[in-house]
Each structure stands twice: as structure tokens, then as C-alpha cells.
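Q: After the C-alpha cells below, expect a handful of questions from me.
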Amino acid sequence: MAMFSVSGPGMKGMVGMAARVFAAMSRARISVVLITQSSSEYSISFCVPQSDCVRAERAMQEEFYLELKEGLLEPLAVTERLAIISV
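The opening residue of the sequence shown carries number 1256 in the numbering used here; numbering runs sequentially from there.
Next comes the structure, spelled out in C-alpha cells:
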């Protein structure tokens, strides 16, 4: 699995961030396996299959281009080669 974290001061109170993540992944035909959002609304993290990591990163860069360019979002954090364990 690969985990992406989208965070930044521009996220607080911004409506539709999770919807934009899912829409970008849907357009890229990538299945989101897990998603979590902090209670402070400062970040969203989600996991995709490792084989889709490059396409997912490209899709996120395109979707949030303006926010990243203007500094409303921090650079995407990508952690690769993970496993998900559910208890």
C-alpha cells in the first residue's frame, strides 16, 4: 500500500476536500482502500495499492495544483510499501 497525506492551513473549514480526493482517484480509476481525516480538519490521509502510487500522486498534484502553488496545502506526503492491519 501507499499512503498519501494532504495537509495544510488551507484545509480548515474547506468544504469538499474528501470529495475532491475521491473524485481525483475515481478519474484516475484508482481504488481508495482507506481514508482518515483529523478532527481538526487539518489533514486527510488515504491509502491506495502500491501499484497505483505514481498515478495517484499525479492525480493529486493535478487536483490540488492551485492550493499547492499558493501554499494553502503543504507538499503531498507519500509513504510507500505499507501494510494495513485491522483489529
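No residue lacks a Cβ here, since even glycine has one placed at the ideal position from N, Cα and C.
To the nearest angstrom, how far is the alpha carbon of Ile1339 from that of Met1256?
A: Counted from its first residue, the sequence shown places residue 1339 at position 84. Counted from its first residue, the sequence shown places residue 1256 at position 1. Rounded to the nearest angstrom, the two C-alpha atoms are 8 Å apart.
Q: Quick check: what's the CA-CA separation for Val1349 versus Phe1259?
A: With the chain represented from 1256 up to 1342, any question about residue 1349 goes unanswered, as that position is not in the structure.
Q: Going straight from the alpha carbon of Val1342 to that of Val1288, what length do you get?
A: Within the sequence shown, numbered from 1, the residue matching residue 1342 stands at position 87. Within the sequence shown, numbered from 1, the residue matching residue 1288 stands at position 33. If I take the Cα positions, the gap works out to 16 Å.
Q: What do you get for Val1303, buried or exposed, if any count of 16 or more other CB atoms within 10 angstroms of its CB means buried?
A: In the sequence shown, residue 1303 corresponds to position 48, counting from 1. Label assigned to Val1303: buried.
Q: If you follow the alpha helix (DSSP H) that Met1272 is part of, which residue opens it and which one closes it?
A: Taking the first residue of the sequence shown as 1, we reach residue 1272 at position 17. Where Met1272 is concerned, the enclosing alpha helix (DSSP H) stretches over Met1272 to Arg1282.
Q: Here's the rule: buried if 16 or more other CB atoms are within 10 angstroms of the residue's CB, otherwise exposed. What is Leu1347?
A: Here the chain comprises residues numbered 1256 to 1342, so residue 1347 is not present and cannot be evaluated.
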